[in-house]
């Protein structure tokens, strides 16, 4: 693991997720660039001192040289610190599991892409919401035509934690880097908008052809967007909207997806992810549960416990790690895993939204 | 009443709504332009034969001349047939209660506006959703600052009844006129989009300064929009979206309003209108019920029965009629009633969306 | 109307309900036993002075004698005042529409039953919740076997308005008579428990064979039950529970019905009455909406407006009045209307619960 | 671990739960009484061959003798197989974490209790639902008086998987032992009723003084109860009901708890466990989320990720394992852990219900 030392947030999530299905052990880390903090963090996590690095380049070199070297590295640093480690490990031939978005700038993204191209190692982006069983179920249903031709996609991801300018408080490390243009590259757009964008792409299989965005920074003194309204046009003629906001009081992690086709519609919300509605035109709406009645084999494949016993965010995340293990060991094809292409697509989304909005709200095509 | 004869839909709704609070009696009507149908429809409704007209002009003249002439006329014809009767009754000095949208074309709308200007009679537009107690409650809460400065408005009205091109079936009279450009003037935009637009304006008191629309006609051979995605910019800097659709399977009358300010957010859905959530930043979200605990006087004023006993669409509609009675009798000021200005605003909304979309999706300012 | 003068509650509800479908006009009343209050109340309601009575016996006599006498009388007095007027009007040959429960005591109930027996006039009890379209839909579904053999019935009606002993406040007239043993005959049991009992009987068509009740009076100084837990055994071997409470904070009018058979289950809640779930074993649960997709003719018959536009409490109540009009005019068979048998059944339920609980919680059979 | 070999269900759940917070490693097991199956199951789980036992007595002896012997054993066998291993490990001085209910018979339960009494080792029962953060939050709120004096408790746990007699199919191992009187000791009552009973006791801190039960076996040929209706009387005068059913179509794991006091009420459902409503009398109902706004320190203590990112069944279960680790290491007091007393209380509940029902439904006191 690179990043994820004391005081970090998402690193701990990755560690739990990787443990759930007992497919990974954490044995090495460059958990902080501060040597002392790296050492103490490694101690906390029972990493042997000789595999507790303070420099990711050294870690890549050393682990590549060991016979019992790591199978993969998790990169859980802020966005602007993805490219450096990703490239170092890819060049060392070590598989990379990287937090999203791909990078803070298009240039960094392209450098990673080049390194992926040049390396035999795998690159996996943790768009974890694609691990929710019902999202995979939805993808299957759409693929086999249950919704008919898709016409409409309404995606949103609303939070409220940046309603006030908490980043100026000094002690809010998460808020600070996520609202720093250089470290984050974008605000709500990159932090959560890319999740919504990735998820709708994953579930529908449709490509956005053009978009138009209206971005705002409502927080006093805020230097990145905290609200994004985006219109979407898809290659097949479908239309959609994507709303990402961190200033909508009452929303914790309101990632919601609604998809309507010529034959049926589906609706899902991340905060109660074990339930989805499926509405075939002219019939009563159905409540589809994770692993529940009538799903066929679909929804049961990525689930650990019986229906009615809720799985949550960590389990969905775990599925990404488990799929990654299968891909790396050759026991699975990783067909559902987010790749470098997902990452580049997300970077296009961020950049296109920013260009559209800076132009006063104009259409931007691929 | 003008319109609303046998086979009509909204006329019956107006009649029930007007009866609920026992403030109106239906005593005269030009229920159809077909004399025989007008006669039979009047008979159905116990209207005396001498007050059963087949021509609205004759009705306006005759009722104006009677000592016991009508206090007001309800106009419940298709959109392109609002201007004629509205102007006739206004000129005869008779108060007009008119279905929405104001008209099928901007020209018709201006003619009505001129007639309102020239007449001492009242003009009331039945944007009935403003009669829901919790929408009036929301308006009060926003007015007194409970939400702080408004930043975001997410409005939508989704239906599914035009997912297939049912208007071509021949026997679907409602679908036929509502998808006929000359009779309706617009599709989803006019039929339901104007409701969402009116409601968000009513509740927030904010003015849309500019908008950008992406309209679609998904139904095969359809000549009006059946889906509208609209970005909104408000005078105070707030941003919003409005989505109106008649092709979203699983949606019956999904009118939903979400409003977020610097201090709190509210969310409401028309299909379960006796409940609204209110989320003050940093506190648990509250479930506010119609007439329920903790509302102050607000929510109780426009309600007939105790909380937990649901009131619905007809009761909200009835409140418009009751307010209208009070306004006309001078026992109320009608401050909450939709007026000719609401109607003209709705016509601007329709026209601006159409112009924006025809230009490929460009911003249109007032 | 007998009762329902100034300051009364349920009388106004009956008046609105009777108006909604335009089948009744209020033309006479003994609205109060206080002559002055009767006169003023009649004036409020535009009842002609010669038909504003202060004595129900006089009213029964006079109206029976008039050629344009009333078609039916609504009795909306407290429970102990049902028998007197009901018998008087039945003896005068005038149809009676009576509020529930049938009476305050078994003796009164028997006297009414005898009068019904002896009269050619109709007797209808306003168990209004049977007028909700989805409850009639549920009844149809059960009748035609959609649920298989019924095994379990979970009924409840929970409120919170008597959590504190508000009846001692002096100015709470509703609380005062409803907690007065002589006027009400029972507490939560009679006021709301009989509604739940009637509704489950109506929907399932099953007969309770034996019951066991644990009644409580939690309110300080309260002389009637404010909470009732009842176990039910049905003739066909089904089991159930009925919970009625007026001391459950957070419940406004929480009337809920859940029914499970060998093939499927249904669940419904009065506070959002336009929605019901139907769960066929081994298939996804369905969201059945009032008048919505896939119902067949059932749910549409007793509804006024399209699905997604909610109807509420008053519309359900109106359906009882409309069915009553049809029954009296011979244009309907009144097959779904609550009758004197429903009333006697409810009185058995109250008495059996009281006997069971007084014995410390023993089984009581029919 | 004892039990939990190939083909078992709950063992895998315990293993995931124990891993989530990285506090336990599985290093030894008697996973099956069949030696070959024990060996293969151990291999699956990377247990060293010398610590893969086929006899739990041998395992207790051997592990007690090792310097690196296990810190605790998980017993995940069917109910009738709890006593044997529990006693063996307790006698060997090894801490025991045991699945619920405590045993299949009162005699077995007493034997375990005696062994706990005689041993210095800890005994922990995995009533995992007490690990849900909001249930611990509710307990805290009740303890500090937020609900006032508790008056009413409505608990239920409804499933539908035994609606048909699937245990006769031959290949349904879970259904087979759970409906076998000797292996299970009781049906729905033991399998899920004890969970509801334990949870209500945990949350309210109230003691059931007397109960009355009506048990049924609806499934054709079924030898244990599949539905239980139970009336409860608490020491403080509160009343309640508990409903456990495995024959209610549409219910997956419908564990629900509703508690009402003199000052407020709370409602919670296990299927969406990150949300609870709190209704202070006379104020709007609040939606309390796991870790969300306004909770004080309470709800955040037993949670891993931010509010709005759902935690589920496995995380709640993990909290039990983590608390157990803290108790055993002395880094926590285990105050919230279910103990042998919880187990004996559950056995009393099962036995009392059975005696009450066999007597035709009579009250049974402690």
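Residue numbers (my numbering), protein chains in the order written: chain U, 1 to 366; chain F, 1 to 366; chain L, 1 to 366; chain D, 1 to 366.
By construction, the Cβ of each residue, glycine as well, lies at the ideal position given by its N, Cα and C atoms.
All of these numbers come straight from a predicted model, not from anything done at the bench.
Asked	Found
Would you report the Cα separation of residue 87 of chain F and residue 191 of chain F, rounded to the nearest angstrom?	22 Å
Can you tell me whether residue 171 of chain U is helix, strand or coil according to DSSP?	coil
Mind checking whether residue 260 of chain U and residue 275 of chain F have CB atoms under 8 Å apart?	no
Should the region 6-21 of chain D be regarded as contacting the region 349-357 of chain L, the criterion being three or more beta carbon pairs within less than 8 Å?	no
For residue 235 of chain F, which residues of its own chain have a beta-carbon under 6 Å away from its beta-carbon, when the five flanking residues on both sides are left out?	207 and 209
Can you tell me whether residue 363 of chain F is helix, strand or coil according to DSSP?	coil
Below 8 Å between beta carbons: does that hold for residue 95 of chain L and residue 71 of chain L?	yes
Touch check for the region 227-246 of chain D and the region 137-156 of chain D: three-plus C-beta pairs under 8 Å?	yes
Taking only beta-carbon positions, decide if residue 218 of chain U is within less than 8 Å of chain F.	yes
Report the option in D:321, D:305, D:319 and D:317 whose CA atom is closest to the CA atom of residue 314 of chain U.	D:305
Which of the three DSSP states, helix, strand or coil, is assigned to residue 80 of chain F?	helix
What are the residues of the region 269-303 of chain U that lie near chain L, defined by any Cβ-Cβ distance shorter than 9 Å?	277, 278, 279, 280, 281, 282, 283, 284, 285, 286, 287, 288, 289, 292, 293, 294 and 295
Inspect the CB distances between the region 47-63 of chain D and the region 345-352 of chain L and report whether three or more fall short of 8 Å.	no
What residues are listed by DSSP as bridge partners for residue 163 of chain U?	DSSP output for residue 163 of chain U lists no bridge partner at all.
Give the C-beta separation of residue 214 of chain D and residue 239 of chain L to the nearest angstrom, bearing in mind that I take them to be a contact with Cβ-Cβ under 8 Å.	6 Å
At a Cβ threshold of 8 Å, is residue 22 of chain F touching chain L?	yes
Counting only C-beta atoms, is residue 159 of chain F closer than 8 Å to chain U at any point?	no
Between the Cα of residue 111 of chain D and those of D:84, D:334 and D:270, spot the shortest distance and give me the residue it belongs to.	D:84
Using 8 Å as the threshold, is the region 261-271 of chain D in touch with the region 132-146 of chain D, meaning 3 or more CB pairs across them?	yes
Is the region 316-334 of chain L touching the region 116-129 of chain L in the sense that three or more CB pairs, one from each, lie closer than 8 Å?	yes
Between the alpha carbons of residue 289 of chain U and residue 281 of chain L, how many angstroms are there, rounded?	14 Å
Do we get a CB-CB distance below 8 Å when we pair residue 166 of chain D with the residues of chain L?	no
What does the alpha-carbon distance come out to for the pair residue 136 of chain U and residue 203 of chain U?	7 Å
Quick check on the DSSP output: the beta strand (DSSP E) that includes residue 400 of chain L runs from which residue to which?	A question about residue 400 of chain L goes unanswered here, because the residues of chain L that appear run from 1 up to 366.
Ignore the nearest five residues each way along the sequence and tell me which others in residue 223 of chain U's own chain have a CB closer than 6 Å to its CB.	181
I'd like to confirm the pairing. Which residues does DSSP put opposite residue 234 of chain U in its beta bridges?	U:208
When you compare only the Cα positions, how much space is there between residue 120 of chain F and residue 277 of chain F?	41 Å
Would you say residue 356 of chain D faces chain L, with C-beta separation under 8 Å as the test?	no
Would you say the region 2-14 of chain U touches the region 33-41 of chain U, given that touching needs at least three Cβ pairs under 8 Å?	yes
Go ahead and label residue 323 of chain F buried or exposed: buried means 16 or more other beta carbons lie within 10 angstroms of its beta carbon, across all protein chains shown.	buried
Can you name, in chain order, every residue of its own chain whose Cβ lies under 6 Å from the Cβ of residue 167 of chain U, other than the five neighbours on each side?	175, 176 and 179
Name, going along the chain, the residues of the region 307-339 of chain U whose beta-carbon falls closer than 7 Å to a beta-carbon of chain D.	307, 308, 309, 310, 311, 312, 313, 314 and 315
Mapping the DSSP letters down to three states, classify residue 213 of chain F as helix, strand or coil.	strand
Please classify residue 250 of chain F as buried or exposed, where buried requires at least 16 other C-beta atoms within 10 Å of its C-beta.	buried
With respect to the alpha helix (DSSP H) encompassing residue 268 of chain U, which residues constitute its N-terminal and C-terminal limits?	No alpha helix (DSSP H) contains residue 268 of chain U, which is instead part of the beta strand (DSSP E) from 264-269.
At what residues does the alpha helix (DSSP H) containing residue 313 of chain D begin and finish?	313-329
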